[in-house]
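These notes concern the structure reproduced below.
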DNA sequence: CAAGCGTGGTT
DNA sequence: TAACCAAGCTT
């Protein structure tokens, strides 16, 4: 892969005595050295397990909400075996309101697999990590790179956005991760030196941080960007996105109902009677929102409101997903 | 592979 | 204020 494969946009001015894509590597990592947030999972004393827990929690959840929960987890479960020895329900409870509670379930399962298959140590190889529940391409690369210094190519949504703007001249990355984006990310990696992956590690972390703090999705802070003068998107006059991002509906969705159920189960010490759980209020089904008259007619015919049917379906879903268990006394978090 | 999966701060 | 969106993974 040569730099000529990167496409038309310029990658800074080469030939000025600056190695690495016309000095981009150096400029971004220098910016990072000054501006990086002091996050506990980045400190040298943080264990691979600490990095792994942070990566799970950071999947689709902002740093500020992860910080306090991560601290609690590290104090309570400093090693994978500590978590693996607990019931999954304890992981779900300690997950609190981070969202996507199946991540807690998968992290708990991953801890058990680490104990069984890896002697209680977080594996460092990408393939071993990828085999763990809840670990996909991004998380495997991130753990391998940030916890072990492996020269992996890490690609998250921040990095994709920086690449889209800096190199491709677009406001946003493609709606779905493309092979072209993967090739670009590979091509942008610093050359393999004799530093044991240190430069790769710094580049990954620096571009990610640049995307999180400066090259943000909305109202980017281009004045503070160390490579704005080399940015294809700035050069092109900051054109609008070439597609409309899909929204994430919430009111009346199954997600809202499942979230409400999980909140009740987390707060309960013992099992909650099924009827009580199904009776919690606060949500209106999407059907009832769209057409209250139709929903009322349906209820007269069947005796079940659309909301009631939705709650039944959502409870079944939680049980099927292993987020809850049902016994003779009711529904509870799993053992 | 597009859809589904929580939650709450920001705009 | 409603909409956007945040270090993705799984099916």
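In this note's numbering, the protein residues as written are 1 to 335. For each residue, glycine too, the CB sits at the ideal point set by N, CA and C. Because the structure is a prediction, the values reported are computed rather than measured.
So, using beta-carbon positions, are residue i and residue j closer together than 8 angstroms?
i           : j           : result
residue 155 : residue 182 : yes
residue 91  : residue 115 : no
residue 224 : residue 234 : no
residue 332 : residue 272 : yes
residue 28  : residue 190 : no
residue 210 : residue 31  : yes
residue 102 : residue 132 : no
residue 325 : residue 87  : no
On the CB-based measure, 16 or more other CB atoms within 10 Å of its CB, does residue i come out buried or exposed?
i           : result
residue 45  : exposed
residue 312 : exposed
residue 257 : buried
residue 310 : buried
residue 54  : buried
residue 48  : buried
residue 318 : buried
residue 1   : The predicted model places residue 1 with a pLDDT of 35, which falls under 50 and marks its position as unreliable; any figure quoted below should be read in that light. Residue 1 comes out exposed.
residue 250 : exposed
residue 97  : exposed
In the DSSP assignment, what are the bridge partners of residue i?
i           : result
residue 330 : 327
residue 69  : DSSP output for residue 69 lists no bridge partner at all.
residue 272 : 331
Does DSSP classify residue i as helix, strand or coil?
i           : result
residue 122 : coil
residue 34  : helix
residue 234 : helix
residue 227 : coil
residue 12  : Model confidence at residue 12 stands at a pLDDT of 43, short of 50, so the residue's coordinates are unreliable and nothing is read from them.
residue 208 : helix
residue 194 : coil
residue 156 : coil
residue 102 : helix
residue 93  : helix
residue 46  : coil
Using alpha carbons as the reference points, say which of the options lies closest to residue i.
i           : options            : result
residue 152 : 164, 174, 188, 175 : 188
residue 20  : 192, 280, 239      : 192
residue 240 : 171, 305, 332, 267 : 171
residue 205 : 254, 230, 249, 141 : 141
residue 150 : 107, 198, 261, 164 : 198
residue 168 : 145, 195, 231, 270 : 231
residue 41  : 33, 70, 60         : 70
residue 25  : 274, 243, 89, 208  : 208
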